[in-house]
Structures are given as C-alpha cells and as structure tokens.
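Chains as they are written, first to last, in my numbering: chain A, -4 to 407; chain B, -4 to 407.
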C-alpha cells in the first residue's frame, strides 16, 4: 500500500479537540487506502515551558539533559493521537524516537538523522496497523541517549520518514494554509502559491518565512520528497495548500516567487582591522565557535593595511559576538580599533528561480527601494535571491513596494 | 562506596525551588560518601494532567499508549534534577526507564519489575559520577514498549533499585514526616511512629494510608530493604521520619499500630446469581480481566440454586465492573437478575501485629462502632487487621472513635 507522511505542528495539536480534528484528517487518508505515518510536535506551548525550566535551572545546561527533558512533549502528543485514532477504530500506535529507532548523531540539541530503519514500523503495517504515530524532533544517539534535532525539527523528522518509507507525499499541516508570496500580515495582497520549487522554498525558509524548517526542505530536495504545506484549520481538498516540488513540475512561474524578510537582524562592523591574509577566516571562525550565525558579510577595500569588516547576525547573538571579538582582541588574535553594532536593521529579500533566466531583477529592486527613499546598507545575492539590509522602520514599506513592483499579487 | 537510594515524590519536586531543595539533600548524602541513586516522580499535578487527557481522549484507553503518555512527567523531573545537581558541581546524569533498562512484564499500567541490570549505572559510578537520577514509575516491556508500574509506582522503583544495588537504605522523601497511627487530618491526636514492621506497613499501605505504595513495602520485606519515610520539607536528622523494618527490630508496640481508611469505595451486589460450582471464579475472573480491583468479597448463603454476590472496589471502577457483568450476562457466561452499586461507602481498618497474640480486638472494634450507631455492611479480616465497610458519612467518626478506644495517641 502507498505510504503517506502527515506532520502536525504544535498549534495543530494544541488541545484535545485539535488532536481530534487532526486525527479525522488522518482517517480520511487511511480511507483512501494509505498507510499513514503521522509525525507530531508537542502541544503548543509545552516545549517552551520545558525550555523555560531548563534555562531557569541551568543557564549553561548539559545539552544531553536538555534533550531528555524537552523531547517529552512530543511523546505525550504521540500517545494522545494514537488513542484518538483508536477511538475512531483506526488501528494505530505511537513510537518514540528511540523505539523506531531514529538514529542520530550525538550533537545534542542539533542532532542530524543518520538512519531510520523501516522494519519495525513496516512489520506493524503488515499486521494490519494503519497509522504509525511518531514523536517528532527526537532521536537516539549511538550512546543510547535521547537527542533532539533543534527547534522546528519535527518537519525534518517528517521528511526523513517520507524518504525512508518512500512515501508518496509528505503533508505538513500547520496554522497557515500554504506558502505565500510574502507574509499576509505585512502585505494584505500577498497571494498563496500553488507550487513552489525546493530551491525557492529553501531561500524563503532560511530567510525567515517560518513555514518550514530549512533542513527539512534541504532533505526533501535531496531525496525528491514531494512536500505539501497546508492548514489543519481548513477543509481539506486535493489541491489545498502549497506543493513544494522539483522545478520541472512547475510550468509557469513569476520571475520573483516571493518577498521574504527577517526583522530581528543586527549589523556589526569591526573597524580598522589589521588586514592580512587569513584575517577573515580568523574572525568568522571565532564567531562561529561562539555560536553566532553570521549571515551577510561585506569587506571594505583595504587601505594601508587596515580594513573594515561588516556582517549581519540575529539581534540576540550580538552580545555573544561582542564577547568573541573582545576575547580575540585580548588574546591578540585579531587587532581592531572598534566594534560597532547596529541592532536596528532588517533584511528584505526577493526570491525566484526565474532570476536565473531574467536579468534586471536586482536593478529593479534597488530602484524600487530608492524610489521609496530607503537606503540600502548591505547587499548579498545568490543565483535565485537578492537580499538587502535596511533600517528596520522601513521594512514593511519595502516589502509592500517590492510585492507591488514585481506584481506578486497576480499569478503567472 | 556504599549506595543510598533516595526517592522524591511529586510534592517534593513540584517546583524548581523544591527540586533545588531536594538536590541539596542529595548533596548532603554525597558529602557523607554515598553513591546516590535518586528516584523521582513527576512534578506534582503533571501526572494527573496527563491522565486527565488520556481519559478525555479515550475512556477505555489502550494501556500501552497510556503508559507512553503518563511516563513523560518523570522524565522531565529526572532531567531537571540532573541539571540542578550539575549546577551544584555534583556529577550527575538522568536515566529513563528504558535506558537502565528497568525490565518489566508487559502488564501495562500495572507492570512488575523483573530485572534491573546494574552495569550501566555502576560503570558511570566507576567513572566518577556521584548521582544517578532515574525516572520512577516506568520501565520497558520485553516488546520494547514503555510500561508503568501503577500510581505511586515510584516507591516500588526506589525499593527495587535499593535491592538491586544492595543499598544501605532507601529513603522515601514525601510531604509527610513519617507514618502515623492514622491520618492527622481526620484525627488530630494521630501520633507519628518511629518504627513500624513491614507487615503492618503493608496492611496500612494497602488500606489506603497513602504514604507508601503497597508493592514497594512487599518488595522491601522480601529483600530486607531498610525503608525510611521522611519529609522533604523539614530539616533532616539521623532519626527523622519512620523506619519500616523487620518485626524483630521493634522492641515494644501497641496491639493496634494504626487505623487506616479508604474513602472512595463502592459496594456492588450481583443479585440472584445462578449458583453452581465455579461461579465465583467466573465472576471474579471477568472483573479482573476488566481491570477491576476487587477488595472485599461476601457471598450470601445460597438458596434454591441462586445466591447474591457482594464485593467492594474503588468507586471509579464501578462503570468498568458493570460493563464486565453486562458482557458476561449477554454472552450467557453468568446469569443474574440485577446488579446493585452503592457508591457511598468507605472502608475503615485497624492494623497491628499485636493482634496475633492478643484476642478480642475484633470484638472491641465492633463494639466501638456499635456505640457510635455505625452499621457495619461488610467485614473482612486477616491475621493482623480487621476491615469494615460502612456508610461514608460515618468514616471520620469511626476513625476517631477507634483511635481513641485503642489509645493510639499513647506510645507503647
């Protein structure tokens, strides 16, 4: 029988009523003849409660204990979902990560899935079980300790199961009804996309469109897992939501698929760094070691052996970055005169595979921003996206102006 | 190094502050030179929340899913306790039941511990770990599914670990400072016992004195585990609490050690059962299969081939018992005219090893109740206890009158 993977996020299982609603969706797919693997998150708010306790108990916590604690929320949902399906006379049982087992690396709190054996669950399917409910976000390390995949990791669990079981599709149920050209809270004319390519989704996901975890999209792209994002709060139809798929499956598309943004950015500049070969590697290794996720990087032209180095990172990592640079200076690894931090910036990006064949997207973007009097502080580009860092107060204006200019409210 | 087992119940770990207080107690014992195994319950209220969800989702739940769900609370406490000890620079780590592994039978929600391998934890002790924190109440079945030992099962976990690791003592930290002659909330003159025999404790535990789970006392008696019950809310002294020990270690004791009671009892009567050899076995097998914990049993004298069968069970199992009897009737296994349920009764018992050598305890008990105008509905006795079922509204009166009559406020 064909296998379908269905993933329900925290808001989709926030209460017993919502779990029932999700279970009904599962029942519909079972009735169509699927064997279903359901991946569940913790009930909305539960993981945050657990994380709060950990932080209060031990600010520099042992990640192994953190994982053992925060993974418990998913276990509860998995059991409740199994019971709900059983009440509907659908043969179902729950699995915790270690029971499958979802084998991961030992990188606690940021583990990567290495293997998902299918025999255990397939044996139960062969015995007539129709639904396997698996606690998302968790696995087990080679040492036999519980690991977690990082926040939002249940999406990754879902895609990994879809790949391992060669599922026909992986449906991600969430609190939005699909992927939009931009956030409808910022631009009312934002339009839901019926299809989007893996590449575009990847850029949107990593740029702050919080629909799917980046790694889950990477994984789906690698294993050609058809991914559908849809709402658990609306009636299900066969073409509901947004299908994330191979570029080839999309007949027509706009040059630009969407406008993404990230509000909580900071721009940091290391002023008058003693420039020498390898200095960039030193700086960014130090930042990386300190757990700072550097995004954009700009280096000014070097004069008289000194240069300015600018990067962006999430606002809440500024303190950590400062500490890392202070340490590097006092240990004489890096020599610089000053470190500036502007915590009042935002990133706005346009994304689209059409950029590969269409020129002038960047020029148009800069012109639109210029027309609105918005100063561009940093620019980065990839094959299918252009990102700019701007003053945060212009973020909404920039998103709206770009959405309009690229006519994203109109289908291709 | 000598091993000490310390068990902290739900109220003793109800908040992060209380977990810290418990961790300090553990630290004191580590400083004395013990290797400590800490057994933790779920934070107070958490298990009830989970059980509530299960019951709301599926009144006739699959016990395997129930176990997977309700065991999650203990995992959270175990991790938090490990982090708290680590913050105090005490080397500690948490274990979930399946990680030890605590091997149990497959009797979900009422599993029995079959084996606790010590190698895993001892290897860590050998590496310098001082405290192993184990999630109580849970284990793993031969099929690899999570089991639980029944409510209060963390006591049993603690005693089983004390036996497996040949611990010097098993300290049960709870919200009361020891074992009393009766519940002080019902009888203000109730007195704390310094020592009590395993046998008496067993009767008190099974009769509803909620200090220790019955099976934990049985296990302690079988493996000669010295058990101490003490409060986690008072300063610790060497003779704090109540020591549960062998009869031989108690020099003098009252004939009656205590008065126990159980409020939420129900009396059920199967009216006019077709009587034939083996009918009792049929009835009580059916009830047992339905998960009804039958306590007292009375059979009326059989007349003309028909008899009445009366039993008591917890109030919340009445629906299940009715269902089992209905099923047995419709499948023509048991023939009866009516099933009556009186959910308005309570059980009161007097317990004491002194009864073995002193006669007249039963007569005195019945006289005391008669003097108060309390009608006795069912009587059962054992070597060291006498129990009666009475109308619930007289329960407190009966306990007070018996406590007075047997002079339990005075030490032997």
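Backbone N, C-alpha and C fix where the C-beta goes; we use that ideal spot for every residue, glycine too.
Flag this pair as yes or no: are the beta carbons of residue i and residue j separated by less than 7 Å?
i                      : j                      : result
residue 313 of chain A : residue 305 of chain A : no
residue 253 of chain B : residue 197 of chain B : no
residue 411 of chain B : residue 385 of chain B : For chain B, the structure presents residues -4 to 407; residue 411 of chain B sits outside this window and is missing.
residue 60 of chain B  : residue 78 of chain A  : yes
residue 155 of chain B : residue 128 of chain B : no
residue 130 of chain A : residue 51 of chain A  : no
residue 2 of chain A   : residue 191 of chain A : no
residue 307 of chain B : residue 291 of chain B : yes
residue 8 of chain A   : residue 46 of chain A  : no
residue 226 of chain B : residue 172 of chain B : yes
residue 364 of chain B : residue 393 of chain B : yes
residue 83 of chain B  : residue 22 of chain B  : yes
Using the three-state DSSP reduction, which class does residue i fall into: helix, strand or coil?
i                      : result
residue 381 of chain B : strand
residue 362 of chain B : helix
residue 115 of chain B : helix
residue 270 of chain A : coil
residue 8 of chain A   : helix
residue 25 of chain B  : helix
residue 356 of chain B : helix
residue 170 of chain B : coil
residue 1 of chain B   : strand
residue 331 of chain A : coil
residue 325 of chain A : helix
residue 348 of chain B : helix
residue 342 of chain A : strand
residue 404 of chain A : coil
residue 386 of chain B : strand
residue 161 of chain A : coil
residue 17 of chain B  : helix
residue 393 of chain B : helix
residue 316 of chain B : helix
residue 30 of chain A  : strand
residue 376 of chain A : strand
Give a yes or no on whether 7 Å exceeds the smallest Cβ distance from residue i to chain B.
i                      : result
residue 346 of chain A : no
residue 71 of chain A  : yes
residue 306 of chain A : no
residue 74 of chain A  : yes
residue 222 of chain A : no
residue 77 of chain A  : yes
residue 195 of chain A : no
residue 51 of chain A  : yes
residue 144 of chain A : no
residue 207 of chain A : no
residue 11 of chain A  : yes
residue 352 of chain A : no
Any beta-carbon of chain A closer than 7 Å to the one on residue i?
i                      : result
residue 90 of chain B  : no
residue 81 of chain B  : yes
residue 64 of chain B  : yes
residue 60 of chain B  : yes
residue 151 of chain B : no
residue 57 of chain B  : yes
residue 325 of chain B : no
residue 67 of chain B  : yes
Measure the beta-carbon distance from residue i to residue j and round it to whole angstroms, keeping in mind my assumption that it falls under 8 Å.
i                      : j                      : result
residue 71 of chain A  : residue 64 of chain B  : 5 Å
residue 206 of chain B : residue 222 of chain B : Their Cβ separation, rounded to whole angstroms, is 10 Å, which puts residue 206 of chain B and residue 222 of chain B out of contact at 8 Å.
residue 106 of chain A : residue 142 of chain A : 4 Å
residue 398 of chain B : residue 177 of chain B : 5 Å
residue 158 of chain A : residue 220 of chain A : 5 Å
residue 309 of chain A : residue 341 of chain A : With 8 Å as the limit, residue 309 of chain A and residue 341 of chain A do not qualify as a contact, their Cβ atoms being about 12 Å apart.
residue 346 of chain B : residue 360 of chain B : Their Cβ separation, rounded to whole angstroms, is 11 Å, which puts residue 346 of chain B and residue 360 of chain B out of contact at 8 Å.
(message) At 3 residues or longer, what runs of the beta strand (DSSP E) sit wholly inside the segment 51 to 89 of chain B?
(response) Within the segment 51 to 89 of chain B, no complete beta strand (DSSP E) run reaches 3 residues.
- Query: Whole beta strand (DSSP E) runs in the segment 93 to 156 of chain A with 3 or more residues, listed along the chain?
  - Reply: For the segment 93 to 156 of chain A, whole beta strand (DSSP E) runs of length 3 or above, ordered along the chain, are 108 to 110, 126 to 130, 133 to 135 and 141 to 143.
Would you list, in sequence order, the uninterrupted alpha helix (DSSP H) runs of no fewer than 4 residues that lie entirely inside the segment 228 to 288 of chain B? Restricted to the segment 228 to 288 of chain B, the alpha helix (DSSP H) segments that are unbroken, complete and at least 4 residues in length are 274 to 284, listed in chain order.
inquiry  = I'd like the ranges of any alpha helix (DSSP H) spanning at least 4 consecutive residues and lying wholly in the segment 287 to 313 of chain B.
reply    = Within the segment 287 to 313 of chain B, complete alpha helix (DSSP H) segments of at least 4 residues are not found at all.
4-residue-minimum alpha helix (DSSP H) runs that sit fully inside the segment 178 to 223 of chain A, ordered along the chain:
With a minimum length of 4 residues, the continuous alpha helix (DSSP H) runs that stay inside the segment 178 to 223 of chain A are 193 to 201 and 209 to 218.
- Message: Counting only Cβ-Cβ distances shorter than 8 Å, please list the residues of the segment 130 to 141 of chain B near chain D, keeping chain order.
- Response: As a matter of chain content, chain D is missing from the structure shown, whose protein chains are A and B.
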